[in-house]
Amino acid sequence: MKMSGPSTQQDVLRRNRAPCVNCKSSKRKCDRARSRCSRCRNQNLTCVPSTNARWRIEGIDSTSQRMRAQRSSKTKQPPRGRAIPESDETSAFQIGSPSQSTVQFSPPDFVPVDDHDLFLANDESSSFVDIDGISFEDFQSVQNAFISPDQFGDLLLCHSASSHVPGAEFQARSMPLHLNEPTLNPRVPVTHSATSYLWQEFIQSIAPGISIDDHEHNNQVTKYFASNAANWPPLFSAIIFLSYSVKSNWIVQHPLFVNMTEVTTAAIRMEQQAVSYIGDVMSCESDQSTSHETQSSPNNPAHRLTTLSTLIALCSAYIAEGNISSLRTCLGHAMRIAREGFTTDLAADESFLFLVRWLGYIHIVALLDETDYSIDAPNYLGIAVKPDHVSPNREQFFQDVDPFLGISHSVADLLYRLGRVLRDRRNASMSGHLSESWRSDTDSVDVETRMQLLLRRLKTHRKNEKKPSSHIDNYNEALVYSGLLLFLLVFKEEPFNLGLVQSTIDHILDSCAAVPADAPVAKLMILPLFTAGSRTTRPLHHDFIRRRLEVLKSGQCIVNVTRTMEVLEERWRAQKKSDDSQLMYSFLNRPHSLTPDLELQEASVCVLF
Numbered sequence: 001m002k003m004s005g006p007s008t009q010q011d012v013l014r015r016n017r018a019p020c021v022n023c024k025s026s027k028r029k030c031d032r033a034r035s036r037c038s039r040c041r042n043q044n045l046t047c048v049p050s051t052n053a054r055w056r057i058e059g060i061d062s063t064s065q066r067m068r069a070q071r072s073s074k075t076k077q078p079p080r081g082r083a084i085p086e087s088d089e090t091s092a093f094q095i096g097s098p099s100q101s102t103v104q105f106s107p108p109d110f111v112p113v114d115d116h117d118l119f120l121a122n123d124e125s126s127s128f129v130d131i132d133g134i135s136f137e138d139f140q141s142v143q144n145a146f147i148s149p150d151q152f153g154d155l156l157l158c159h160s161a162s163s164h165v166p167g168a169e170f171q172a173r174s175m176p177l178h179l180n181e182p183t184l185n186p187r188v189p190v191t192h193s194a195t196s197y198l199w200q201e202f203i204q205s206i207a208p209g210i211s212i213d214d215h216e217h218n219n220q221v222t223k224y225f226a227s228n229a230a231n232w233p234p235l236f237s238a239i240i241f242l243s244y245s246v247k248s249n250w251i252v253q254h255p256l257f258v259n260m261t262e263v264t265t266a267a268i269r270m271e272q273q274a275v276s277y278i279g280d281v282m283s284c285e286s287d288q289s290t291s292h293e294t295q296s297s298p299n300n301p302a303h304r305l306t307t308l309s310t311l312i313a314l315c316s317a318y319i320a321e322g323n324i325s326s327l328r329t330c331l332g333h334a335m336r337i338a339r340e341g342f343t344t345d346l347a348a349d350e351s352f353l354f355l356v357r358w359l360g361y362i363h364i365v366a367l368l369d370e371t372d373y374s375i376d377a378p379n380y381l382g383i384a385v386k387p388d389h390v391s392p393n394r395e396q397f398f399q400d401v402d403p404f405l406g407i408s409h410s411v412a413d414l415l416y417r418l419g420r421v422l423r424d425r426r427n428a429s430m431s432g433h434l435s436e437s438w439r440s441d442t443d444s445v446d447v448e449t450r451m452q453l454l455l456r457r458l459k460t461h462r463k464n465e466k467k468p469s470s471h472i473d474n475y476n477e478a479l480v481y482s483g484l485l486l487f488l489l490v491f492k493e494e495p496f497n498l499g500l501v502q503s504t505i506d507h508i509l510d511s512c513a514a515v516p517a518d519a520p521v522a523k524l525m526i527l528p529l530f531t532a533g534s535r536t537t538r539p540l541h542h543d544f545i546r547r548r549l550e551v552l553k554s555g556q557c558i559v560n561v562t563r564t565m566e567v568l569e570e571r572w573r574a575q576k577k578s579d580d581s582q583l584m585y586s587f588l589n590r591p592h593s594l595t596p597d598l599e600l601q602e603a604s605v606c607v608l609f
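Residue numbers for the sequence shown follow the working numbering, beginning at 1 and rising by one.
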């Protein structure tokens, strides 16, 4: 029996570490365990790790850093009589526990990209529920995910009876205005400091944080979305609610000193006001018997744009909260408004097209999730593409990149087609009408052919390209391989231990690791990280994904990253309780149960977005 010791640990490091460039080029065995291998050290060469298996290098480097930190901590003792400060990471919104320090949010550096090309995919399928089947009355069931109606009334009473604590309110003068705050609706009395706080957080922190363009306060979210709130009170209300929902998920070391009871109350009231506006618009549309458009008509283009903007804000807020039912209700109405908008002059409006692309991406991710999502809609992201722009980086493989979403329109089109094929497959399987010819239908062959062609072109580009790939290319490559993994496991039902499946997982994580954790594009990697992470049993993979998601918990994502980590951790714990074959079989067949008494959460768009 081998004894575990330092030599065994070094052997593990050598086995898992990728060879350096010098050893790889000379086809020699590389024993690089720390900064340099023995060959490079003896010949005084620069020991640079190869580009293969970057996630392994990152994992081993992190292990080495932890070992060095432990050694140094043994030699450094704190001064006598002084306590060691503890790192305190708390939620940015923690009612009743305000901190007395103020944190300044600075946006990250951004990568400028542009968009090009046009893909239209407007397929018809009878296996989906058409958006016309969604009734207007559905909005009566829109409730907020974090508070019940009874609690809402109690909170309002508590708010009206509470006295202001000195220094507890947000000081607007501490944050310079980059965009004027719209006037509040006098019908809904809310504390001005609370709405000012949420508005400034959206303009200065959230909008730049979720964007990848290079303009700190002139990004597309501010330009095409928030700037319209000055004239549209319902949109302002929805943005305040969105700001609260997103900011509640972010983790910071020192929360701002604000009265969080007032902030929560303001967010709830703003949500109700936005939902009330949408309900009024839908009621007017159903009651109107004439198509004549007036300035006050809901069919007026300006009203359509206001309604669509408000719905997109509500959809994003419900994604942040994990409120699936309210999200789907808003998505259904947004799809209807988008379809009608293309029949008007809005089809040439940049704000409208920006919102439609945002809506289209939500729809694509929802098609790829594990829930019973059944809204039938075309590829609005591809339809709203501007075909007259290309990326300024001519060396990028993917030139047709959306400047806000970061996804290539060709990749988005592929994922949209794949999502529809997977939905048809699941619907047929659940209804018991799965025929023997489902593997060779036209749609699935179309998806497989497009995917094979794109992967072959990408492989040729990588072989001929001497410079490292751009972060945008790495992100889109990770998306393509994520689609391939879903196609192999869910559609073709390949065994999870197949060599192609395992190499696909490695490709996904390799592309994710090629983007530094603090790069702007890294915040887009949640879908690839989850897709690979939920299908791998290797602890080294799990550690890498944990580190990446831990970085994203501090902000710059709409989705609740903590919830995403919880779903992954639940599956990883379940893996240890079940043999691998049973795990993967159960994962690919509804319901996701590993044992008769164990049920896993389904990953919705609220986990993957």
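Ideal Cβ placement from N, Cα and C applies to all residues, glycine included.
- Going by DSSP, Trp232 is part of no alpha helix (DSSP H) at all; its letter is neither H nor E.
- The Cβ atoms of Ile508 and Val401 lie no closer than 7 Å to each other.
- Around the C-beta of Pro539, fewer than 16 other C-beta atoms lie within 10 Å, and the residue is accordingly described as exposed.
- In the DSSP assignment, Thr371 falls outside any alpha helix (DSSP H) and carries neither an H nor an E.
- Residues of the same chain with a CB within less than 6 Å of the CB of Ile545, apart from the 5 flanking positions on each side, are Leu529 and Gly533 in chain order.
- Taking a C-beta distance under 7 Å as the contact criterion, Ala313 and Leu381 do not qualify as a contact pair.
- Here the alpha carbon of Val501 sits roughly 27 Å from the alpha carbon of Cys30.
- Within the model, the alpha-carbon separation for Thr307 versus Phe354 is close to 14 Å.
- Following the DSSP letters along the chain, one finds Pro468 in no alpha helix (DSSP H), marked with neither H nor E.
- By the beta-carbon neighbour count (other beta carbons within 10 angstroms, threshold 16), Lys553 is buried.
- Here the stretch 344 to 353 makes no contact with the stretch 268 to 276; the two share fewer than three CB pairs at distances below 8 Å.
- Taking every protein chain shown into account, the CB of Arg336 has 16 or more other CB atoms within 10 angstroms, so this residue is buried.
- Comparing C-alpha distances from Thr261 to each of Glu321, Ala194 and Tyr224 shows the shortest one belongs to Ala194.
- Positions of the beta strand (DSSP E) runs, each at least 3 residues long and wholly inside the stretch 394 to 428, cannot be given because no such run exists.
- For Asp441, the closest alpha carbon among the candidates Arg420, Tyr224, Arg456 and Leu454 is that of Arg420.
- For Tyr361, the CB contacts under 6 Å within the same chain, skipping 5 residues up- and downstream, are Leu381 and Leu405 in chain order.
- Shown here, Pro528 sits in a helix according to DSSP, grouped into three states.
- Across the structure, Arg339 and Cys284 are spaced so that their CA atoms are roughly 18 Å apart.
- His333 and Trp250 have their C-alpha atoms roughly 29 Å apart.
- By the beta-carbon neighbour count (other beta carbons within 10 angstroms, threshold 16), Val445 is exposed.
- Counting the other Cβ atoms within 10 Å of the Cβ of Arg426 gives 16 or more, which makes it buried.
- Here Pro208 carries a helix assignment [DSSP, helix/strand/coil].
- Rounded to the nearest angstrom, the Cβ distance from Val480 to Leu455 is 6 Å, consistent with a contact under 8 Å.
- A Cβ-Cβ contact shorter than 7 Å links Val605 with Asp369.
- For Gly483 and Leu458, the gap between their C-alpha atoms comes out near 15 Å.
- In this structure, the CA atom of Thr46 is about 8 Å from the CA atom of Arg36.
- About 5 Å separates the Cβ atoms of Ile240 and Leu198, confirming a contact at the 8 Å cut-off.
- For Ile505, DSSP assigns no beta-bridge partner whatsoever.
- A Cβ-Cβ separation of about 7 Å places Phe487 in contact with Met451 under the 8 Å criterion.
- Taken through DSSP and simplified to helix, strand or coil, Pro539 comes out as helix.
- In the structure shown, Ile558 falls within a coil segment according to DSSP collapsed to helix, strand and coil.
- Where Gly322 is concerned, there is no enclosing alpha helix (DSSP H), because DSSP gives it neither an H nor an E.
- Remark: C-beta atoms of Ala377 and His363 approach each other more closely than 7 Å.
- Per DSSP, the beta bridge partners of Pro49 are Cys20.
- In this structure, DSSP gives Asp345 a helical state, which the three-state scheme calls helix.
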